[in-house]
Amino acid sequence: MKVTVFGIGYVGLVQGAILADAGHDVCCIDVDQNKIDNLQKGIIPIYEPGLSSIVEKNYAEGRLTFSTNAEFGVNFGELQFIAVGTPPDEDGSADLKYVLKVAETIATHMNSSKIVIDKSTVPVGTADKVQAMITNVLNERFLSSESQPKFSVVSNPEFLKEGSAVSDCKRPDRIVIGTDSEYAEDLMRELYEPFNRNHEKIIVMDVKSAELTKYAANCMLATKISFMNEMANIAEKVGADIEQVRQGIGSDSRIGFQFIYPGCGYGGSCFPKDVQALVKTSDAIGYESQILKAVEAVNYSQKNKLFEYICQHYFPELNHQAVIENKSLSGKTVAVWGLAFKPNTDDMREAPSRVLMDSLWQAGAKVQAFDPESMEEAQRIYGNRNDLGLMGTKEAALNGADLLVICTEWQSFKAPDFDNMKSLLNEAVIVDGRNLFNVQRMQQKGIKYYSIGRTP
Ligand code: UGA
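Under numbering that gives the first Met the number 0, the sequence shown has 38 at position 39, and the numbering climbs by one with no breaks.
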């Protein structure tokens, strides 16, 4: 089948590459000439395990093409994916301007029937807006509705995770298709046939339900995390160990082990944005979402947790606001391991590390940071600052620092040489936002260890 994908970000590129790899002809369109030039040279704009070889292979074999020519893209495929970004508006609602711009572009150039597929995460009701945009433009272009090319708008949300996007996309848990058109359903089934071989994964529903499914899934996962972080805070106060509690509850199959890892707060480009957007959608229809507001509030305070441990360590009598106001950490250097919002990505959007570093800088401290993949991204975000050292190895980050904070659970952080660490750090103190180490082991090693939901 011939497929066009508008928007070569995370979702669009992975989806386009995987569809091409399954044998479809895919044309990827983006407004960013630089991105397209790079992709044509085999330079992938994101770090995602397994992606570059798939892009290279399918590009070389001619099933995957990249262009900035929107008109060409519209005429290329009967299936037109919209996979452009929906950044949060100033008030937190999803900004649809890019999505609607693509809809307008499709309507401006289409001369044959099209299935327009919303792949971006868009609020309930967006398909109606896309439908209205295309109808308006077609009404301007054609005198009678009979002479207009036919189209149908489908909601087909994406559920891939950064870091495992390729395998999530190749082997999806489910493929949600929101449509009221039998013709569109049939084409979508044909498109996804290569991914639906062994057992039925396609779930067809109405468009609005498909749109809400995406938000409900992300908000449910974010809720699990904030719930667990709240339990961790309670565990800490009552002297319980959240890691034991996690095993105790996860073994109930109704709860399950996934997404109940306590930590320093969820980040990334999805959960914070989507929870906020659903709160806004609810507010706009006069329904106050109490749970989602609490999920956001818990996450906000959890991201301050690591800084609070540092304050507690040095100034148990001061609250963390006072530490900032007095610049009490002047002269201190803090080693930070992990800048990405989670392992196997270089993405630092909404990462807990950023909240921590901002507080440290406000309180007068210097940071020596290391991340296996995000060093370039950190350089891009922060440029050259006197109070940030971007170090080449995890050991270099420790050298001469006063204590270590761990923000991301990279595999390479899980079994460090503790004796070497102690020799490099000024003080044997670890603040661990991901509960990587055993509390008793840290005691044996003579390391002062702060972690989430476990009393030191
Ligand atoms: C998330 C969803 O998991 C995907 O299903 C969805 O398709 C995607 O958003 C999206 O909407 O595009 P992603 O943002 O890549 O994927 O990352 P996750 O693996 O879900 O992790 C999100 C955050 O939650 C990370 O900061 C992670 O550290 C945190 N987390 C996750 C926890 O703190 N505890 C856990 O138990 C799990």
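Don't be surprised by glycine CBs; every beta carbon is placed ideally from N, CA and C.
Here the structure is a predicted model, which means the values were calculated and not measured.
Counting along the chain, where does the alpha helix (DSSP H) carrying residue 280 start and finish?
270-283 is the span of the alpha helix (DSSP H), which, as asked, contains residue 280.
Give, in chain order, every unbroken run of the alpha helix (DSSP H) that is at least 4 residues long and sits entirely within the segment 364-452.
You should have 374-381, 393-397, 417-423 and 438-443.
By the DSSP assignment, the beta strand (DSSP E) with residue 208 in it spans what residues?
Premise fails: residue 208 lies in the alpha helix (DSSP H), 206-237, not in any beta strand (DSSP E).
Considering residue 334, what are the terminal residues of the beta strand (DSSP E) in which it resides?
Taken as a continuous stretch (DSSP letters only), the beta strand (DSSP E) holding residue 334 covers 332-336.
DSSP three-state label for residue 251, please.
Correct three-state label for residue 251: coil.
Quick check: what's the CA-CA separation for residue 194 versus residue 395?
So the two alpha carbons sit approximately 45 Å from each other.
Once you ignore the five residues that flank residue 477 on each side, which residues in its own chain have a CB closer than 7 Å to its CB?
Within the shown structure, residues of the chain are numbered from 0 to 455, placing residue 477 beyond reach of any answer.
Thinking just about the alpha-carbon of each residue, which of 114, 85, 72 and 123 is nearest to the one in residue 108?
Checking every option, the nearest Cα to that of residue 108 belongs to 72.
Within the chosen definition, does the segment 5-15 reach the segment 73-88 through at least 3 CB pairs nearer than 8 Å?
Touching, per the Cβ criterion.
Within the segment 6-54, note down every full alpha helix (DSSP H) run reaching 4 residues or more, in order along the chain.
With a minimum length of 4 residues, the continuous alpha helix (DSSP H) runs that stay inside the segment 6-54 are 9-20 and 32-39.
Once you ignore the five residues that flank residue 387 on each side, which residues in its own chain have a CB closer than 6 Å to its CB?
Excluding sequence neighbours, residue 387 sits near 366 and 381.
Quick check on DSSP: helix, strand or coil for residue 243?
Helix, per DSSP.
Out of curiosity, what's the CA-to-CA distance linking residue 338 and residue 217?
Cα-Cα distance, rounded: 22 Å.
Does the beta carbon of residue 38 fall short of 7 Å from some heavy atom of the ligand UGA?
No; taking the cut-off as 7 Å, the Cβ of residue 38 has no heavy atom of the ligand UGA nearer than that.
Check whether the Cβ of residue 338 lies closer than 7 Å to any heavy atom of the ligand UGA, and answer yes or no.
Every heavy atom of the ligand UGA is 7 Å or more from the Cβ of residue 338, so no.
On the criterion of 16 or more Cβ atoms from any shown chain inside 10 Å, does residue 210 qualify as buried, or is it exposed?
Buried, because 16 or more other Cβ atoms sit within 10 Å of the Cβ of residue 210.
Note down the Cα distance separating residue 441 from residue 164, rounded to an integer number of angstroms.
One C-alpha to the other measures close to 35 Å.
Please classify residue 242 as buried or exposed, where buried requires at least 16 neighbouring CB atoms within 10 angstroms.
So residue 242 ends up on the buried side.
Residues in the same chain with beta-carbon distance under 6 Å from residue 220, minus the five sequence neighbours each way, listed in chain order, please.
Excluding sequence neighbours, residue 220 sits near 258.
On the DSSP letters alone, give me the boundaries of the alpha helix (DSSP H) that residue 160 sits inside.
It is not in any alpha helix (DSSP H) - residue 160 carries neither H nor E in the DSSP assignment.
Name, in chain order, the residues that DSSP records as bridge partners for residue 93.
DSSP output for residue 93 lists 87 as bridge partner(s).
Considering only heavy atoms of the ligand UGA, does any lie closer than 7 Å to the CB of residue 159?
Because some heavy atom of the ligand UGA lies under 7 Å away, the Cβ of residue 159 counts as near it: yes.
For residue 99, which residues of its own chain have a beta-carbon under 6 Å away from its beta-carbon, when the five flanking residues on both sides are left out?
Excluding residues within five positions, the ones whose Cβ falls inside 6 Å are 132.
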